[in-house]
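Asks: These protein sequences, in sequence, are chains P and B. Under full-length UniProt numbering, the very last position in the first sequence is 154; numbers go up by exactly one each time. Under full-length UniProt numbering, the very last position in the second sequence is 154; numbers go up by exactly one each time. Backbone N, C-alpha and C define an ideal beta-carbon position, used for all residues, glycine too. All of these numbers come straight from a predicted model, not from anything done at the bench.
Protein chains: 2
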Amino acid sequence: MDGIDDIDKQLLRLLQQDAKLTTKELASQLGLTLSPVYERIKRLEGLGFIKQYVAVLDKGLLGQPITTFCQVSMRYHDKAFIDKFEEEVQKLEEVQECYHMAGQVDFLLKIHVGSLNDYHDFVKYKLSQIENIGVLNSTFVLKEIKHNLGYYIP
Amino acid sequence: MDGIDDIDKQLLRLLQQDAKLTTKELASQLGLTLSPVYERIKRLEGLGFIKQYVAVLDKGLLGQPITTFCQVSMRYHDKAFIDKFEEEVQKLEEVQECYHMAGQVDFLLKIHVGSLNDYHDFVKYKLSQIENIGVLNSTFVLKEIKHNLGYYIP
DNA sequence: ATCCATGCCGAAAATTTTTCTACAAAGTGT
DNA sequence: ACACTTTGTAGAAAAATTTTCGGCATGGAT
Numbered sequence: 001m002d003g004i005d006d007i008d009k010q011l012l013r014l015l016q017q018d019a020k021l022t023t024k025e026l027a028s029q030l031g032l033t034l035s036p037v038y039e040r041i042k043r044l045e046g047l048g049f050i051k052q053y054v055a056v057l058d059k060g061l062l063g064q065p066i067t068t069f070c071q072v073s074m075r076y077h078d079k080a081f082i083d084k085f086e087e088e089v090q091k092l093e094e095v096q097e098c099y100h101m102a103g104q105v106d107f108l109l110k111i112h113v114g115s116l117n118d119y120h121d122f123v124k125y126k127l128s129q130i131e132n133i134g135v136l137n138s139t140f141v142l143k144e145i146k147h148n149l150g151y152y153i154p
Numbered sequence: 001m002d003g004i005d006d007i008d009k010q011l012l013r014l015l016q017q018d019a020k021l022t023t024k025e026l027a028s029q030l031g032l033t034l035s036p037v038y039e040r041i042k043r044l045e046g047l048g049f050i051k052q053y054v055a056v057l058d059k060g061l062l063g064q065p066i067t068t069f070c071q072v073s074m075r076y077h078d079k080a081f082i083d084k085f086e087e088e089v090q091k092l093e094e095v096q097e098c099y100h101m102a103g104q105v106d107f108l109l110k111i112h113v114g115s116l117n118d119y120h121d122f123v124k125y126k127l128s129q130i131e132n133i134g135v136l137n138s139t140f141v142l143k144e145i146k147h148n149l150g151y152y153i154p
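(1) At 3 residues or longer, and completely inside the stretch 91-116 of chain B: list those beta strand (DSSP E) runs for me, N to C.
(2) On the DSSP bridge list, what partners appear for residue 165(P)?
(3) Just to confirm, are residue 146(B) and residue 95(P) a CB contact at a threshold of 8 Å?
(4) Tell me the rounded alpha-carbon separation between residue 71(P) and residue 109(P).
(5) CB-CB under 6 Å to residue 138(B), same chain, minus the five flanking residues each way: which ones, in chain order?
(6) Report the residue from 64(B), 84(B) and 28(B) whose alpha carbon sits nearest the alpha carbon of residue 131(B).
(7) Taking the DSSP output, what are the residues bridged to residue 146(P)?
(8) Rounded to whole angstroms, what's the CA-CA distance from residue 87(P) to residue 126(P)? Just pull it up for me.
(9) Is residue 119(B) buried or exposed, if buried means 16 or more other CB atoms sit within 10 Å of its CB?
(10) Please classify residue 75(P): is it buried, with 16 or more other beta-carbons within 10 angstroms of its beta-carbon, or exposed?
(11) Please state the DSSP three-state secondary structure of residue 129(P).
(12) Within the same chain, show all residues whose beta-carbon is closer than 8 Å to that of residue 3(P), passing over the 5 residues directly before and after it, in chain order.
(13) Should the stretch 27-40 of chain B be regarded as contacting the stretch 48-55 of chain P, the criterion being three or more beta carbon pairs within less than 8 Å?
(14) Which residues of chain B have a Cβ atom closer than 9 Å to the Cβ of residue 94(P), listed in chain order?
(15) Under 8 Å between the Cβ atoms of residue 78(P) and residue 44(P)?
(16) Assign residue 185(B) to one of two classes, buried (16 or more other C-beta atoms within 10 Å of its C-beta) or exposed (fewer than that).
(17) Grab the span of the beta strand (DSSP E) containing residue 68(B) for me, first residue to last.
(18) Thinking just about the alpha-carbon of each residue, which of 49(B), 38(B), 12(B) and 66(B) is nearest to the one in residue 143(B)?
(19) Residue 135(P) bridges to which residues according to DSSP?
(20) Answer with yes or no whether the minimum CB distance from residue 140(P) to chain B is below 8 Å.
(21) Return the CA-CA distance between residue 105(B) and residue 73(B), expressed in angstroms with no decimal places.
(22) Could one say the Cβ of residue 122(P) lies closer than 8 Å to chain B's Cβ atoms, at least one of them?
(23) Rounded to whole angstroms, how far is the Cβ of residue 12(B) from the Cβ of residue 49(B), which I believe are closer than 8 Å?
(24) Run down chain B in chain order and give the residues with a C-beta less than 8 Å from the C-beta of residue 53(P).
(25) 8 Å is my cut-off, CB to CB: does residue 99(B) come that close to chain P?
(26) Please report how far the alpha carbon of residue 153(B) lies from the alpha carbon of residue 21(B), in whole angstroms.
(27) Using the C-alpha atoms, what's the distance from residue 89(P) back to residue 82(B)?
(28) With a threshold of 8 Å on Cβ separation, who are the neighbours of residue 149(P) within its own chain once the five nearest residues in sequence on each side are excluded?
(29) Report back the beta-carbon spacing between residue 107(B) and residue 113(B) to the nearest angstrom; my notes put them in contact at under 8 Å.
(30) According to DSSP, residue 140(P) sits in a beta bridge with which residue or residues?
(31) Which residue's Cα is closest to the Cα of residue 64(P): 115(P), 136(P) and 99(P)?
(32) How long is the line joining the alpha carbons of residue 37(P) and residue 117(P), rounded to whole angstroms?
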C-alpha cells in the first residue's frame, strides 16, 4: 500500500462501489473540496491503483444465465502445450476467467452460456477441440451467494 | 435480449470496457448524435441492463496478491445449516465470491488475501469456525490467464 | 529564519451532461 | 389514401461537472 493514505483508501472504497459519484459528492463525504479530491483521483489513476472504469451489466438480461466452473488438466505438461492452451482459451468468448492453478488440476475456467445446450456445444465443439486436454470436469453454479465487485481494502 | 437492438448492444460492449467514454465519443463511434445515445443509455440503465458503474482496482497494489479457490462441503444438508453458512460467508471480507454448486462439492469460494500466512489465518480462525463444514479443499491461483470484466454480447 | 515541498482551498475555464423542442420515418386505424 | 400516434433522432440551450490555475497554510530541511 505504498504511498496512499486513509483518505485515498476511502476514495477507492467509494469509487469501486460507484464510479459515477461526482467529485462534489466525494468531496463532501471525505470532508474536502473539489480540487484535492480531483487530484487524488488522478494520482490514483496514474499510480495504477485505479485500472479502469466499467459498466456492470446484467448477465441474465443479456441471455447468459448459466455459469459453470470447468476444471481442465493437460495430458502432457510441455511448455508448448500449456502455451497453446492459454492462447486458445483467450479466443473463446464464453470463457470469462481462466486461471493456472496449483494442485491436481491445471486450469480453472469460469464460463457463461445461455443454456445447457450451449454449454454442451461449447465443450464439444470448442473447448475439447484444444489439443492435449486430459481431464475436463464441469460443475454448474446453482446460485450466486455472494459476488463482491470490489476488493477489501484494509 | 428483449427490446434492445444492435446499437444498444454495441453501446453495452463499449461501456463495459470503458464507462468513462463521453456521450460525444460514443455518439461518433455509433454514428449518432448526443441525444439518442444519451437516451439509450438512460433506457438501458432503467431496464436494468446496466446495473452499476465501478472503478476497477489493482489487487496487487492493494496488498492482496494471492487468489485461491476453496471448495466447501457441508457435513449435513439441513436448510438451517446451509442458510447459516451463506450468512456467515457474507460477513467474511476475504471472500469475494461464493457460489452454491451442483455436484460433489456444495460451495465454491473465491478468496483474496495478502499472504499465505493470511490465508492460513483466514481458514483457521474464520472459515473453519463456521459450523458443520465437512470437506474444505483449497487450491491456489498460480497465474491469471484471462479475466474478462465484461460479458460476451452475441 | 528562510526555503522548499506538499496538500488544500477557491474561482474561472472547458467540457460534459441533461433538458427541451422539433422533425422524419414507421405503423395503425378509419 | 389520409390523418394519427409512436418511436427515434437531430440540434440547441441550460445545468452541472470536470479540469485548470493561482494562492495560502503547514511541516520539514538547509
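Replies: Walking through what the data contain:
(1) 95-101 and 107-113
(2) The requested residue 165(P) is not part of the displayed model; chain P covers only 1 to 154.
(3) Start at 1 with the first residue of the second sequence, and residue 146(B) comes out as number 146. Start at 1 with the first residue of the first sequence, and residue 95(P) comes out as number 95. Against a cut-off of 8 Å, the Cβ pair of residue 95(P) and residue 146(B) comes out as a contact.
(4) As a working note, residue 71(P) is residue 71 in the first sequence. As a working note, residue 109(P) is residue 109 in the first sequence. Approximately 6 Å between the Cα atoms of the pair.
(5) The residue you call residue 138(B) lines up with position 138 of the second sequence. Answer for residue 138(B): 68 and 70, listed in chain order.
(6) Here residue 131(B) refers to the residue found at position 131 when the second sequence is read from its first residue. If we check each option's Cα against that of residue 131(B), 84(B) comes out closest.
(7) The residue you call residue 146(P) lines up with position 146 of the first sequence. 98(B), per the DSSP bridge assignment.
(8) As a working mapping, residue 87(P) is identified with position 87 in the first sequence. As a working mapping, residue 126(P) is identified with position 126 in the first sequence. Their Cα atoms are separated by approximately 13 Å.
(9) Taking the first residue of the second sequence as 1, we reach residue 119(B) at position 119. It counts as buried.
(10) To locate residue 75(P), count along the first sequence from 1; it is residue 75. Looking at its Cβ environment, which holds fewer than 16 other Cβ atoms inside 10 Å, residue 75(P) is exposed.
(11) The count along the first sequence starts at 1 and reaches residue 129(P) at position 129. Residue 129(P) falls in the helix class under three-state DSSP.
(12) Walking along the first sequence from the start, residue 3(P) turns up at place 3. Excluding sequence neighbours, residue 3(P) sits near 47.
(13) no
(14) Residue mapping note: residue 94(P) aligns to position 94 of the first sequence, counting from 1. Those are 152, listed as they occur along chain B.
(15) Position 78 of the first sequence, counting from 1, holds the residue named residue 78(P). Position 44 of the first sequence, counting from 1, holds the residue named residue 44(P). Taking 8 Å as the Cβ cut-off, residue 78(P) and residue 44(P) do not qualify as a contacting pair.
(16) Outside the displayed range of chain B (1 to 154) lies residue 185(B), so it cannot be described from this structure.
(17) Numbered from 1 along the second sequence, position 68 holds the residue referred to as residue 68(B). Residue 68(B) -> beta strand (DSSP E) spans 66-74.
(18) The count along the second sequence starts at 1 and reaches residue 143(B) at position 143. Minimum Cα distance to residue 143(B) is reached at 66(B).
(19) Your numbering for residue 135(P) matches position 135 in the first sequence. BP columns for residue 135(P) point to 73(P).
(20) Locating residue 140(P) in the first sequence gives position 140, counting from the first residue. Yes, residue 140(P) counts as interfacial toward chain B.
(21) Walking along the second sequence from the start, residue 105(B) turns up at place 105. Walking along the second sequence from the start, residue 73(B) turns up at place 73. C-alpha separation (whole angstroms): 5 Å.
(22) Residue numbering aside, residue 122(P) sits at position 122 when the first sequence is read from its first letter. For residue 122(P), the answer is no, since every Cβ of chain B falls outside 8 Å of its Cβ.
(23) Indexing the second sequence from 1 puts residue 12(B) at position 12. Indexing the second sequence from 1 puts residue 49(B) at position 49. That pair is a contact at about 6 Å.
(24) Taking the first residue of the first sequence as position 1, residue 53(P) is located at position 53. Simply 18, 19, 20, 53, 54, 55 and 56.
(25) Counted from its first residue, the second sequence places residue 99(B) at position 99. With 8 Å as the cut-off, residue 99(B) counts as an interface residue toward chain P.
(26) Translated into the one-based positions of the second sequence, residue 153(B) becomes position 153. Translated into the one-based positions of the second sequence, residue 21(B) becomes position 21. Computed Cα separation, rounded: 19 Å.
(27) Working through the second sequence from its first residue, we reach residue 82(B) at position 82. Working through the first sequence from its first residue, we reach residue 89(P) at position 89. Roughly 34 Å between the two C-alpha positions.
(28) To locate residue 149(P), count along the first sequence from 1; it is residue 149. Excluding residues within five positions, the ones whose Cβ falls inside 8 Å are 16, 17 and 56.
(29) As a position in the second sequence, residue 107(B) is number 107, starting the count at 1. As a position in the second sequence, residue 113(B) is number 113, starting the count at 1. Contact doesn't hold; Cβ gap of about 18 Å is too wide.
(30) Your numbering for residue 140(P) matches position 140 in the first sequence. DSSP, once it has assigned bridges, lists 68(P) as partnering residue 140(P).
(31) The sequence position of residue 64(P) within the first sequence is 64, counting from 1. It is 115(P).
(32) One-based indexing of the first sequence puts residue 37(P) at position 37. One-based indexing of the first sequence puts residue 117(P) at position 117. Approximately 50 Å between the Cα atoms of the pair.
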